[in-house]
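Trainee: One structure, as structure tokens, below. Some questions next.
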Amino acid sequence: MVSVRLEKVTKKFGKVVAVNNVDLEIEEGEFMALLGPSGSGKSTLLYLIAGIYKPTSGKIFFDDRDVTNLPPRERNVGLVFQNYALYPHMKVFDNIAFPLKIKKVPKEEIRRKVFEVAKLLRIEHLLDRYPGQLSGGQQQRVAIARALVKEPQVLLLDEPLSNLDALLRVSVRSELKRLQKNLGITAIYVTHDQAEAMALADRIAIINEGVIQQVDLPEVVYNRPKNMFVGGFIGNPPMNFVEAGVEYNETVKLIVGEDSVWLPQEYIEILRKLKLQKVVLGFRPEDVLVLKDERQVEPGSSVIRGEIFTVEPMGREVLLTVMIGETMVKVYAPPTQYYSMGDKVFLQINPAKLRLFDPDTTIALEYLVKT
Amino acid sequence: MKKNIFSTNKVQLLIFLLPAFLIVLLFYIIPIIITVYVSFTPMRNWNIDKYFNVIVGLQNYNRLFSLITRDPVARQVVMNTVVFVAITLAINVLGGLGLALANFFIDERVSTGFRTLWLLPRMTPIAVYGLLWYYFFHGSSIGMLNSIAMSLGLIKKPIAWGQEVIPWGPWSIIIIVNGFVGVSFGMVIFYSALKSIPRELIIAARVDGASNWKLTTNILIPLLRWHLLFVTTWQLLSLLTTYAHTFLLVEWGVVSRTYGQTWALYVFNTAFGRGEQDQGLAAAAAVILVIFGAILGWITVRALGFNKMITKPKGDI
Ligand SMILES: Nc1ncnc2c1ncn2[C@@H]1O[C@H](COP(=O)(O)OP(=O)(O)OP(=O)(O)O)[C@@H](O)[C@H]1O
Ligand SMILES: [Mg+2]
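Taken in sequence, the protein lines are chains A and B.
With this note's numbering applied, the first sequence covers 1194 to 1564.
With this note's numbering applied, the second sequence covers 24 to 340.
In structure tokens:
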């Protein structure tokens, strides 16, 4: 097992900059999720690590070994694809054996290793079939087996579960995590499903337009997004953003429409330093209390008023879309209340959970002062 | 209700199949019937009034048989055909495969030009293309091959390659000329098949450690299996029946008539050639060629498992 380090890696396809000046380190045995929207450069980044593409500039290290110019076969990585990419003309056994056959491993050893990994993934009974005769979930296990059989230094997974149905996805992903931890393999897992990333990863790297936005523990990425993109990408539904003015008096508070929002001490200090006149207030749908009656509002708390736009019952809770002035936000409310379109509501925001962003750079204020 | 749907299906089927059926009938079945019929008549010099209604039974076939067994020219035709078809087929299929693979591994921009170059022999009118080779293999010192060989000091006097170097001179020429026309067919089919292999499959093989060679032998060629079968059968049948290029080379004297004449050309020359035209005999030879083609085609289809290529419909609709 190795650590993987990317230093200022850029990959251009003609004019398209698919990966832009990426610095990233994945520790030995770490499970890193690479999360980003479609076309953000996730696959390209994986292929760079696998050696399929050469970086336009920058360097890639496995531990301290510079692998930037090594072809794929000298890197010993395992790669699993969304569409499995099994060789259709080979039986499952030969598919899994292929990387070993290429390496000219003795026949007996190939057999032993293939059976071993097949047992691990519980596909021993499928070895004699062709990929076309397997279900999607089975094919994916075969693909993972083929990636693992060569005992790779790094395991790269490119949206491996997105062709599976929701139930199977959840069971395979926990299996995958167990497998990765048991084998202690360094793994990079590409997905654009943020729930999957949160569930699986030791750390999450978020990428957008080829630029790494944030690399952190899942809870940090969720609770303290570095910028509006990360906040707006992670969470389902993602973070809400509302523009707010700042009022500096004996204390510092935000003005949203006619309402005031009180800030925690941390943000008061930051704002006094930065002296911003406008900020973007971010809060997650579950971090507000939806009140129908102004009299329910706790004195001294921050409340923003709005009007219900849509109501979506979700079972455990109700998802409300609320208009605050011209801005739409989504909030969760308990299903015990009855809500209907056009109702006036009061959103009481948990001050500990609110986030502030600089409207110009979209960076979270606490990260602005740190740097 | 069920019956109704069934009958609409039949009407639809008819509408879809009719044009193809008419074409097959008009250009294939009727000519075959006429040819078979003519092979039983003593038709010669296109004297339809005189011979069309005379049936002579298997006489033409007997003549053909005794020609092949006794006449060295006719026997040479058989030999020419076997050598020509076998070697040109190998060149067409393997050359096409090689070119497609070369195209696959080189840069897309370069390969487009490269492929067009190889399509030129097919796009060029037969006479123009033939003329090119006429000058290339010409027996005097204006022949390009001769002038190159002489300027390199390999030969002292010009050589009439297709007339003097027997039998490989004329054989090589007809094989080369037809080979160049044929490779582009395999190349185009194989190249488009290679391009349609999912990119991930190739990336997977690379990550699994495959070199270009291993990728080719272990992944690409097995995946081209059906295309290989198709091109082989198709080219086999078209080589058996092709004669246009060879006809010109023989007429222009680039290639010896004895050693350049294949069965298909023999049929043509017998029916339409100079001197006495013997359509009865030509028709018999044509019928034998068709039967041979059918048998060979059937054998390749069987031997190579072509029937599996006609895949079962996916699903039950
Ligand atoms: N071989 C290529 N040639 C040209 N452009 C490419 C190539 N591969 C990727 N790109 C471009 O680079 C950008 C990043 O592509 P990439 O496939 O890495 O995205 P992704 O994050 O994996 O997206 P998805 O989630 O849809 O798989 C895209 O704009 C894409 O069009
Ligand atoms: Mg991708």
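Virtual Cβ for every residue (Gly too), placed ideally from N, Cα, C.
Leaving out five residues before and five after W156 of chain B in sequence, what residues of the same chain have Cβ atoms less than 6 Å from its Cβ?
Mentor: For W156 of chain B, where only same-chain residues beyond five positions count, the Cβ hits under 6 Å are V200.
Trainee: If the cut-off is 9 Å on Cβ atoms, which residues from the segment 278 to 311 of chain B count as contacting chain A, listed in chain order?
Mentor: Against chain A - using a Cβ distance shorter than 9 Å - the segment 278 to 311 of chain B contributes no residues.
Trainee: Which stretch, first to last residue, makes up the alpha helix (DSSP H) that contains S1367 of chain A?
Mentor: Start and end: A1359 to L1376.
Trainee: If you follow the beta strand (DSSP E) that R1498 of chain A is in, where does it begin and where does it stop?
Mentor: It spans V1496 to P1506 - the beta strand (DSSP E) in which R1498 of chain A sits, taken as one unbroken run.
Trainee: Does DSSP put W69 of chain B in a helix, in a strand, or in coil?
Mentor: The answer is coil: DSSP assigns W69 of chain B none of H, G, I, E or B.
Trainee: At the 8 Å Cβ level, is I1245 of chain A part of the contact set with chain B, yes or no?
Mentor: Yes - at least one Cβ of chain B is within 8 Å of the one on I1245 of chain A.
Trainee: In chain A, which residues lie with their C-beta within 7 Å of the C-beta of L246 of chain B?
Mentor: Under the 7 Å cutoff, chain A gives H1282.
Trainee: Using DSSP with H/G/I as helix, E/B as strand and the rest coil, what is V1347 of chain A?
Mentor: It is a strand residue.
Trainee: Should E1389 of chain A go down as buried or exposed, given a rule of 16 or more other Cβ atoms within 10 Å for buried?
Mentor: Burial call: buried.
Trainee: Between the beta-carbon of A267 of chain B and the beta-carbon of I149 of chain B, is there less than 8 Å?
Mentor: Cβ distance < 8 Å, so A267 of chain B and I149 of chain B count as in contact.
Trainee: Is K1235 of chain A near ligand 2, with its Cβ less than 7 Å from a heavy atom?
Mentor: Checking the Cβ of K1235 of chain A against ligand 2 gives yes.
Trainee: Taking DSSP as the reference, what is the three-state secondary structure of V1260 of chain A?
Mentor: DSSP places V1260 of chain A in coil when its eight states are reduced to three.
Trainee: With which residues is V4 of chain B paired in a DSSP beta bridge?
Mentor: Not covered by the structure: residue 4 of chain B. The range shown for chain B is 24 to 340.
Trainee: Looking only at its chain, what residues have a beta carbon closer than 7 Å to the beta carbon of G166 of chain B, apart from the 5 residues adjacent to it on each side?
Mentor: The residues are Y158, F159, F160 and P181.
Trainee: Does any residue of chain B have a CB that is nearer than 8 Å to the CB of N1276 of chain A?
Mentor: Taking Cβ atoms only, chain B reaches closer than 8 Å to N1276 of chain A, which makes this a yes.
Trainee: Which residues in the same chain have their Cβ closer than 6 Å to the Cβ of M1391 of chain A, if we skip the five residues on either side of it in sequence?
Mentor: Result list for M1391 of chain A: P1411, in chain order.
Trainee: Would you grab the beta carbon distance between I1400 of chain A and G1244 of chain A for me? Rounded to a whole angstrom, and I think it's under 8 Å.
Mentor: Actually they do not touch by this definition, with Cβ atoms about 19 Å apart.
Trainee: Using DSSP's beta-bridge definition, name the partner residues of K1255 of chain A.
Mentor: Note that residue 1255 of chain A is Phe in the sequence shown here, rather than Lys. F1255 of chain A is bridged to A:V1197 and A:R1258.
Trainee: Please report the residue range of the beta strand (DSSP E) in which L1512 of chain A lies.
Mentor: Here the beta strand (DSSP E) through L1512 of chain A covers V1511 to I1517.
Trainee: Would you tell me roughly how many angstroms separate the C-alpha atoms of V116 of chain B and S1364 of chain A, rounded to the nearest one?
Mentor: The alpha-carbon atoms of V116 of chain B and S1364 of chain A are separated by roughly 49 Å.
Trainee: For ligand 1, any of its heavy atoms closer than 7 Å to the Cβ of G1232 of chain A?
Mentor: Yes, ligand 1 has a heavy atom inside 7 Å of this Cβ.
Trainee: Any heavy atom of ligand 1 closer than 7 Å to the beta-carbon of A1437 of chain A?
Mentor: No, since every heavy atom of ligand 1 falls outside the 7 Å radius drawn around the Cβ of A1437 of chain A.
Trainee: To which residues does DSSP link E1436 of chain A through a beta bridge?
Mentor: Beta-bridge pairing links E1436 of chain A to A:V1473.
Trainee: Assign W191 of chain B to one of two classes, buried (16 or more other C-beta atoms within 10 Å of its C-beta) or exposed (fewer than that).
Mentor: Its Cβ having fewer than 16 others within 10 Å, W191 of chain B is exposed.
Trainee: With a cut-off of 8 Å, does the C-beta of A233 of chain B fall near any C-beta of chain A?
Mentor: A233 of chain B counts as touching chain A.
Trainee: Hey, out of A:V1515, A:P1544, A:R1488 and A:V1408, whose CA is closest to E1459 of chain A's CA?
Mentor: Closest by alpha carbon: A:P1544.
Trainee: I'd like to know whether the C-beta of I242 of chain B is nearer than 8 Å to at least one C-beta of chain A.
Mentor: I242 of chain B counts as touching chain A.
Trainee: Which chain B residues sit within Cβ distance under 9 Å of P1299 of chain A?
Mentor: Neighbours of P1299 of chain A on chain B: none; closest Cβ ~16 Å, over 9 Å.
Trainee: Using 10 angstroms around the beta-carbon of K1208 of chain A, count the other beta-carbons present and answer buried if the total reaches 16, otherwise exposed.
Mentor: Its Cβ having fewer than 16 others within 10 Å, K1208 of chain A is exposed.
Trainee: Starting from D301 of chain B and walking both ways along the alpha helix (DSSP H), at which residues does that stretch end?
Mentor: No alpha helix (DSSP H) holds D301 of chain B; DSSP gives it neither H nor E.
Trainee: Are the segment 31 to 46 of chain B and the segment 1509 to 1517 of chain A in contact at 8 Å, needing three or more beta carbon pairs?
Mentor: Not touching, per the Cβ criterion.
Trainee: For M146 of chain B, count the other beta carbons within 10 Å of its own beta carbon; 16 or more makes it buried, fewer makes it exposed. Which is it?
Mentor: Exposed.
Trainee: Three-state secondary structure (DSSP) at N292 of chain B?
Mentor: Three-state DSSP puts N292 of chain B in a helix.
Trainee: On the three-state DSSP scale, how would you describe T111 of chain B?
Mentor: Residue state, collapsed to three classes: helix.
Trainee: I'd like to confirm something about D1351 of chain A: is its beta-carbon nearer than 7 Å to some heavy atom of ligand 2, or not?
Mentor: D1351 of chain A Cβ: within cutoff of ligand 2.
Trainee: Would you mind stating whether L1217 of chain A and V1413 of chain A have Cβ atoms separated by less than 8 Å?
Mentor: It is not a contact, given that the beta carbons lie outside the stated cut-off.
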